[in-house]
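Anchor point for the sequence shown: position 65 equals 90 in our numbering, and the numbering is continuous, going up by one each time.
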Amino acid sequence: MPDLPHLLAFIAAGWLLNLTPGPDVLYIVANSLRSGVRAGIVSGFGILTGCFVHIFAAAVGVGTLLATSAAAFAVLKYVGAAYLLYLGVRMVFSRAKAPADLQQAAAASGERGLREIFLGGFWTNVLNPKVALFFLAFVPQFIAPDADSKGLYFVLLGVLFNLNSIPVIVGWAAFAGWMARRSAVQKGMHWLDRAAGVLFIGFGLKLAFTDAPAGRTGP
26 MPDLPHLLAF IAAGWLLNLT PGPDVLYIVA NSLRSGVRAG IVSGFGILTG CFVHIFAAAV
86 GVGTLLATSA AAFAVLKYVG AAYLLYLGVR MVFSRAKAPA DLQQAAAASG ERGLREIFLG
146 GFWTNVLNPK VALFFLAFVP QFIAPDADSK GLYFVLLGVL FNLNSIPVIV GWAAFAGWMA
206 RRSAVQKGMH WLDRAAGVLF IGFGLKLAFT DAPAGRTGP
């Protein structure tokens, strides 16, 4: 494991990276605005679970396959892009709701609704090959070249990165939930949904046109 200064640098870098707006942050904020803080936190934990999949997959070599195989990268890339586009289109064409309806929906978001929100966050993360490549590029920088059990250290640092992101998830959800209680935000919620949908479509198109890593091979 890295020494204390490097470990603190790893934690600080993780916070900065998790604060950076992207599809994951947008998903948390959108669900918090629409259905309350609890829904935002649940969406964040869905994303977190997807990160665990990437961490353990990278540790057993699946991440390396995505980094070296153009075919594997392309399959996951297009499936992930299609899912982001689906989310975006659904939000753009969602039916407008009155502020009272939004408050009622937030209060009544039951187990089934939260499960769907969780799975939505999970799939937006798992189906994005750029997340796997991120862990492959970021985590090894904090593992000593002569360390034994590099795979174990990779998993431990990946788990730490995920746990380190929980305060950021709660912070984004709480901020968006607080914003949702403002009357001006409630009145413009439908347009916020549309704006978020357009951003999801943009993220999906960006992912679809992302090139595989340099040095890629065939299937």
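For every residue, glycine included, the Cβ atom is placed at its ideal position computed from N, Cα and C. Since this is a predicted model, take the numbers as computed values, not measurements.
Tell me, please, whether the CB atom of residue i is closer than 7 Å to any CB atom in chain D?
{"i": "Gly113", "result": "In summary, chain D is missing from the structure at hand, where a single protein chain is found."}
Just to check my reading of the structure: residue i and residue j have Cβ atoms closer than 8 Å, yes? What is that Cβ distance to the nearest angstrom?
{"i": "Val50", "j": "Val223", "result": "The Cβ separation is near 16 Å, so there is no contact."}
{"i": "Thr149", "j": "Leu109", "result": "7 Å"}
{"i": "Gly146", "j": "Ile66", "result": "Going by Cβ atoms, the distance from Gly146 to Ile66 rounds to 10 Å, so no, they are not a contact pair."}
{"i": "Ile80", "j": "Phe160", "result": "6 Å"}
{"i": "Leu90", "j": "Phe225", "result": "Going by Cβ atoms, the distance from Leu90 to Phe225 rounds to 27 Å, so no, they are not a contact pair."}
{"i": "Phe35", "j": "Leu182", "result": "7 Å"}
{"i": "Ala83", "j": "Phe179", "result": "7 Å"}
{"i": "Gly227", "j": "Ala106", "result": "Not really, about 11 Å apart at Cβ, beyond 8 Å."}
{"i": "Val78", "j": "Val184", "result": "That belief does not hold up - the Cβ atoms of Val78 and Val184 are roughly 12 Å apart, past 8 Å."}
Three-state secondary structure (DSSP) at residue i?
{"i": "Leu127", "result": "A caution first: Leu127 carries a pLDDT of 47, below 50, which makes its placement in the model too unreliable to give a value."}
{"i": "Ser10", "result": "Because the chain here runs from 26 to 244, residue 10 falls outside it and cannot be looked at."}
{"i": "Ser60", "result": "helix"}
{"i": "Arg206", "result": "coil"}
{"i": "Ala55", "result": "helix"}
{"i": "Thr45", "result": "coil"}
{"i": "Ile226", "result": "helix"}
{"i": "Phe200", "result": "helix"}
{"i": "Asn153", "result": "coil"}
{"i": "Ala170", "result": "The sequence given here places Pro at residue 170; Ala does not occur at that position. Reduced to three states, the DSSP call for Pro170 is coil."}
{"i": "Gly86", "result": "coil"}
{"i": "Thr74", "result": "helix"}
{"i": "Phe234", "result": "coil"}
{"i": "Ser68", "result": "helix"}
{"i": "Asp218", "result": "helix"}
Identify which residue in the options has its Cα closest to the Cα of residue i.
{"i": "Ala233", "options": "Val62, Val193, His31 and Asn153", "result": "Asn153"}
{"i": "Gly138", "options": "Leu185, Arg59, Trp203 and Ala99", "result": "Arg59"}
{"i": "Ala157", "options": "Ala220, Pro170, Glu141 and Thr93", "result": "Thr93"}
{"i": "Leu44", "options": "Ile194, Thr235, Gly202 and Asp236", "result": "Ile194"}
{"i": "Ser57", "options": "Pro165, Phe200, Gly86 and Ile191", "result": "Phe200"}
{"i": "Pro48", "options": "Ala221, Val184 and Asp236", "result": "Ala221"}
{"i": "Arg207", "options": "Gly61, Leu32 and Pro46", "result": "Gly61"}
{"i": "Ala38", "options": "Phe186, Thr235 and Ala97", "result": "Phe186"}
{"i": "Asp236", "options": "Pro30, Ala205, Val100 and Val85", "result": "Val100"}
{"i": "Ser68", "options": "Ala82, Ala95 and Phe143", "result": "Phe143"}
{"i": "Arg140", "options": "Phe70, Phe77, Cys76 and Pro165", "result": "Phe70"}
{"i": "Asp28", "options": "Asp173, Ala205 and Ala169", "result": "Ala169"}
{"i": "Asp218", "options": "Ala55, Val78, Gly202 and Trp40", "result": "Ala55"}
{"i": "His31", "options": "Ala64, Pro165 and Phe77", "result": "Pro165"}
{"i": "Leu42", "options": "Pro192, Ala205, Trp203 and Met204", "result": "Pro192"}
{"i": "Lys231", "options": "Val104, Asp171, Asp173 and Ala64", "result": "Val104"}
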